[in-house]
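Engineer:
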Amino acid sequence: LAKTTQPISMDSYEGQEVNITCSHNNIATNDYITWYQQFPSQGPRFIIQGYKTKVTNEVASLFIPADRKSSTLSLPRVSLSDTAVYYCLVGASLNSYKLIFGSGTRLLVRP
Amino acid sequence: DAGVIQSPRHEVTEMGQEVTLRCKPISGHNSLFWYRQTMMRGLELLIYFNNNVPIDDSGMPEDRFSAKMPNASFSTLKIQPSEPRDSAVYFCASSPDRAEDTQYFGPGTRLTVL
Numbered sequence: 211l212a213k214t215t216q217p218i219s220m221d222s223y224e225g226q227e228v229n230i231t232c233s234h235n236n237i238a239t240n241d242y243i244t245w246y247q248q249f250p251s252q253g254p255r256f257i258i259q260g261y262k263t264k265v266t267n268e269v270a271s272l273f274i275p276a277d278r279k280s281s282t283l284s285l286p287r288v289s290l291s292d293t294a295v296y297y298c299l300v301g302a303s304l305n306s307y308k309l310i311f312g313s314g315t316r317l318l319v320r321p
Numbered sequence: 416d417a418g419v420i421q422s423p424r425h426e427v428t429e430m431g432q433e434v435t436l437r438c439k440p441i442s443g444h445n446s447l448f449w450y451r452q453t454m455m456r457g458l459e460l461l462i463y464f465n466n467n468v469p470i471d472d473s474g475m476p477e478d479r480f481s482a483k484m485p486n487a488s489f490s491t492l493k494i495q496p497s498e499p500r501d502s503a504v505y506f507c508a509s510s511p512d513r514a515e516d517t518q519y520f521g522p523g524t525r526l527t528v529l
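Chains as they are written, first to last, in my numbering: chain A, 211 to 321; chain B, 416 to 529.
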């Protein structure tokens, strides 16, 4: 499974757009990119998954360049409640259940 | 749907005691996972069940850990005897059908072994 590298922490203010970039230089052809969010004292929660280009849902957008060696999770207009740890995971979606969580990015949203 | 249910939410026990953690997956989900989260090691997969059958238990730390899934709506993770290094948050997750489906996590059980 491809190793991922993401910033340990980020600070932002309410109303701003936050972009968290994840590096995965050894991503394999079959690998998908998935992001999870974890609030204190809760289990991780699926945010978004993509393979290439751009994916958008009601919560976030995921930008994946053509070489797929990195990806960027974009959170539009963050609020205080978006303060959490964000994990980038890379692995083959088909026939793969092993979610390998790295250390994640701790996002702090300030008023 | 109530989501994945875990009990107890908190458990404090003494070294050497048996600990049993419980999980009720989301109704209709066929896959169940047990994870452990610590500051040092992050979130690790312990065991994966599909249709009540253990598929992969390679993440189970040692023989003191055992997991069962007697039916589709219930699973247990048992530690006997417990040790201080087992202190962690234990999460149960379930997914609808295929192994690669999105996993839905429970609130976790915070275990402290004194």
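Backbone N, C-alpha and C fix where the C-beta goes; we use that ideal spot for every residue, glycine too.
Cα-Cα, which of 508/B, 467/B, 460/B, 465/B is closest to residue 473/B?
Structural biologist: The sequence position of residue 473/B within the second sequence is 58, counting from 1. Out of 508/B, 467/B, 460/B, 465/B, 460/B has the C-alpha closest to the C-alpha of residue 473/B.
Engineer: Using a cut-off of 8 Å between C-beta atoms, extract the partners of residue 281/A located in chain B.
Structural biologist: Position 71 of the first sequence holds residue 281/A. Neighbours of residue 281/A on chain B: none; closest Cβ ~17 Å, over 8 Å.
Engineer: Tell me whether residue 454/B is buried or exposed, calling it buried when 16 or more other Cβ atoms sit within 10 Å of its Cβ.
Structural biologist: Indexing the second sequence from 1 puts residue 454/B at position 39. Classification of residue 454/B: exposed, given that the 10 Å Cβ count is below 16.
Engineer: Determine, using beta carbons only, whether residue 517/B comes closer than 7 Å to chain A.
Structural biologist: As a working note, residue 517/B is residue 102 in the second sequence. Using a Cβ-Cβ cut-off of 7 Å, residue 517/B counts as an interface residue toward chain A, since at least one Cβ of chain A sits closer than that to its own.
Engineer: Taking 7 Å as the threshold (beta carbon to beta carbon), is residue 254/A in contact with chain B?
Structural biologist: Counting from one through the first sequence, the residue named residue 254/A turns up at place 44. Yes, residue 254/A lies at the interface with chain B (some Cβ there is under 7 Å from its Cβ).
Engineer: Pull up the DSSP beta-bridge partners for residue 221/A, would you.
Structural biologist: Translated into positions along the first sequence, residue 221/A becomes position 11. 318/A.
Engineer: Should the region 229-244 of chain A be regarded as contacting the region 274-291 of chain A, the criterion being three or more beta carbon pairs within less than 8 Å?
Structural biologist: yes
Engineer: Short of 7 Å in beta carbon distance, which residues of its chain neighbour residue 221/A, apart from the five on each side in sequence? Order them along the chain.
Structural biologist: Stepping through the first sequence from its first residue, residue 221/A is reached at position 11. Here the set comprises 318, 320.
Engineer: Got a sec, what are the start and stop residues for the beta strand (DSSP E) residue 241/A sits in?
Structural biologist: In the first sequence, the residue the question calls residue 241/A occupies position 31. Its beta strand (DSSP E) spans residues 241-248.
Engineer: Can you pull the DSSP bridge partners for residue 483/B?
Structural biologist: The residue labelled residue 483/B in the question sits at position 68 within the second sequence. Partner(s): 491/B.
Engineer: What's the C-alpha gap between residue 457/B and residue 225/A?
Structural biologist: As a first step, residue 457/B is located in the second sequence; it is residue number 42 there, counting from the start. As a first step, residue 225/A is located in the first sequence; it is residue number 15 there, counting from the start. Their backbone Cα atoms lie some 30 Å apart in a straight line.
Engineer: Counting only Cβ pairs nearer than 8 Å, list the residues of chain A close to residue 522/B.
Structural biologist: The residue labelled residue 522/B in the question sits at position 107 within the second sequence. 251, 252, 253, listed in chain order.
Engineer: Cβ closer than 9 Å: which chain A residues qualify as neighbours of residue 508/B?
Structural biologist: Taking the first residue of the second sequence as 1, we reach residue 508/B at position 93. Here the neighbours are 253, 254, 309.
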